[in-house]
Structure formats: C-alpha cells, structure tokens
Amino acid sequence: MKNWPSRSWLDQEGRKGGASTPLAIIWPCTLSPSSYVAAGKDVVVPTQQCPQCLGWLMRWGGYWRWLRASLLVERIWIRRGRCSVCRRSHALLPDLVLARRLDEVEVIGQGLALKAADVRGLRPIAEHLGVPHTTVRTWWRRFRMHSSMMRTHCTALAVTLDGNHVMLSTTGERAALEALGAAWQRAEVRFGERVGRVWAFWSRISSGQALGANTTSPWAGKSGVDWMVPSAFGGSGP
Ligand SMILES: [Zn+2]
Numbered sequence: 532m533k534n535w536p537s538r539s540w541l542d543q544e545g546r547k548g549g550a551s552t553p554l555a556i557i558w559p560c561t562l563s564p565s566s567y568v569a570a571g572k573d574v575v576v577p578t579q580q581c582p583q584c585l586g587w588l589m590r591w592g593g594y595w596r597w598l599r600a601s602l603l604v605e606r607i608w609i610r611r612g613r614c615s616v617c618r619r620s621h622a623l624l625p626d627l628v629l630a631r632r633l634d635e636v637e638v639i640g641q642g643l644a645l646k647a648a649d650v651r652g653l654r655p656i657a658e659h660l661g662v663p664h665t666t667v668r669t670w671w672r673r674f675r676m677h678s679s680m681m682r683t684h685c686t687a688l689a690v691t692l693d694g695n696h697v698m699l700s701t702t703g704e705r706a707a708l709e710a711l712g713a714a715w716q717r718a719e720v721r722f723g724e725r726v727g728r729v730w731a732f733w734s735r736i737s738s739g740q741a742l743g744a745n746t747t748s749p750w751a752g753k754s755g756v757d758w759m760v761p762s763a764f765g766g767s768g769p
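Numbering follows my numbering, with no gaps: position 230 of the sequence shown is 761.
Next up, the structure:
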C-alpha cells in the first residue's frame, strides 16, 4: 500500500469560508487519469482567465493531491495560477475530478447514476466501483443535498443553450440527472465534442463543487456559457 492520502489534500482546493480562498477553476482535460499522473509536474494546463476580473492567470506553483480512478491511486500535480491583475491565486483542477473528492468524477457519476436508478443498493454499487461503501454513501448524501439546486441550474443552462424549454419526466434526484443530461446534450449540439463527457461537464458547470459541503454557491454565476471559456481551447495565452 502506498502512502494513503493524508487529510492535507482536502484543504487545498475549494475550501469554504474566508474570502481569500476562491473556488477552484475547472479546466477541460483531455488526458486520461493515467496520462495525467504520468505527466507529473509537467502537466500542460491551458491558460485560464481570472473568474473575478478576467485577467490572465500566470503560473503560480501548485500542489500534489490524490486521485483514485479505475486501477489507480496516485498523486497528481495541480497547478495554481495567479491573476496578473488582482493577484488572487486559483487552483486549476482538471475536470477529471471534483474539488475535495478523491475519486475520478467519472466513477462518482457512475455510482450516483446507479443509485438513482434504484436497481442496486449502496454496497453492491461500491463493490462494483471498487470504493468503500461509506464513500458512495457520502456521495449520495451530498448529491441529494444538491439535487434541487442542480436540477434548477441545469434546466436553466439547457434553456440558455438552445432557447427551448425542458420537460422533465421524473422527480427528485433522477430529475437532477435528467436535467444534467439535457444540458449536456444541448451543449454538445452547440459546441461539439469539446464539451467532453457528461461527468466532466458536471464538474465544470459546478466549478468542481457539485458535491461540496455548501449548497448555496456552487452553481452561482454560471447562467451563461462562461464554463466554456475561450482560453480553455484557444492558444496558449501569455
Ligand atoms: Zn483577477
């Protein structure tokens, strides 16, 4: 067994509280978890803009955190960027993850979708995914806490994307997933493949806070398409 993740990685991104601790920026990452691990500190992060003032972020070190994905538990390097204008610094998380969650977002999403479909209990789902059942329980608890806000946000985003209203055929947690699916599909129609997979999309539109401790803020300020920031795809910037 490797050195198991210490508590410290939990405290480095998306910490709630003080104004000096901004949310992480989630960037679209085309690397697989193993390729991201292999890149180490050389991981290439597209230049990002400051969410507060739109200034360009300059490289500003980084930190290690753990990532658990299929057949893999490794440390990954998270770059930080510092705004050239307002000087705030931000953690630049790949959309492979959520802030403060050890597991790859794809794995988390699969677990939630299975639970929402209600065909399996938490323990079989956890076994299927190869994670502790208490972990899946925590995901589900947080997801339920966020589901109403998530449904509202995703529905609004879907409407913003193509102007048509959204008809949901379910309620509760399933409706939140259905709304996410609608927003994702419309985003794909509008932006094409670069939208990426649905769970990576979920991470980006929630600023990595989709399962955060705080239900009031994660989806705020994302009513448009600012989660598709041009800097993520256009050139290297300064
Ligand atoms: Zn700034």
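Think of the CB as a built atom: it goes at the ideal place given N, C-alpha and C, for glycine as much as any other residue.
In three-state DSSP terms, what is residue i?
i      : result
Pro564 : helix
Gly592 : strand
Pro625 : strand
Ser620 : strand
Gly642 : helix
Arg675 : helix
Arg599 : strand
Lys547 : Residue placement at Lys547 is poorly supported in this model, since its pLDDT is 44, which falls under 50; the coordinates still yield a value, given next. Correct three-state label for Lys547: coil.
Cys685 : helix
Arg721 : helix
Glu605 : strand
Asp634 : strand
Arg735 : helix
If you check the beta carbons only, do residue i and residue j fall under 8 Å apart?
i      : j      : result
Trp558 : Gln580 : no
Gly712 : Trp670 : no
Gly612 : Leu623 : yes
Ala714 : Leu692 : yes
Ala707 : Ser678 : yes
Val574 : Tyr567 : yes
Ala630 : Gln740 : yes
Gly586 : Cys560 : no
Ile656 : Lys646 : yes
With a 10 Å radius around its C-beta and 16 neighbouring C-beta atoms as the bar for buried, classify residue i as buried or exposed.
i      : result
Gly703 : exposed
Glu724 : exposed
Ala648 : exposed
Ser734 : buried
Leu588 : buried
Val729 : buried
Arg610 : buried
His621 : buried
Gly592 : exposed
Thr666 : buried
From the options, pick the residue whose C-alpha is nearest to that of residue i; which is it?
i      : options                           : result
Ser601 : Val576, Ala622, Glu637 and Ile609 : Glu637
Ile607 : Ala569, Arg590, Cys584 and Trp715 : Ala569
Pro564 : Ala687, Val720, Glu605 and Arg725 : Glu605
Val690 : Arg619, Ala710 and Ala744         : Ala710
Ala742 : Val576, Val575, Glu635 and Trp595 : The identity of residue 742 in the sequence shown is Leu, whereas the question assumes Ala. If we check each option's Cα against that of Leu742, Glu635 comes out closest.
Arg599 : Ser620, Arg632 and Arg610         : Arg632
Arg619 : Arg673, Ala718, Met680 and Leu554 : Leu554
Gly652 : Val729, Arg668 and Asn745         : Arg668
Ala744 : Val650, Ala718 and Met676         : Met676
Arg596 : Gly571, Val616, Arg721 and Leu562 : Gly571
Thr746 : Arg705, Leu645, Phe674 and Cys617 : Phe674
Val616 : Gln583, Thr683 and Ile639         : Gln583
Arg705 : Ala718, Gly592 and Thr683         : Thr683
Met681 : Arg654, Phe732, Arg721 and Val720 : Phe732
Ile556 : Ala657, Trp591, Pro625 and Val726 : Pro625
Considering only heavy atoms of ligand 3, does any lie closer than 7 Å to the CB of residue i?
i      : result
Gly652 : Ligands present in the displayed structure are limited to ligand 1, and ligand 3 is not among them.
Quick check: the segment 652-665 against the segment 681-690, are at least 3 beta-carbon pairs closer than 8 Å?
no
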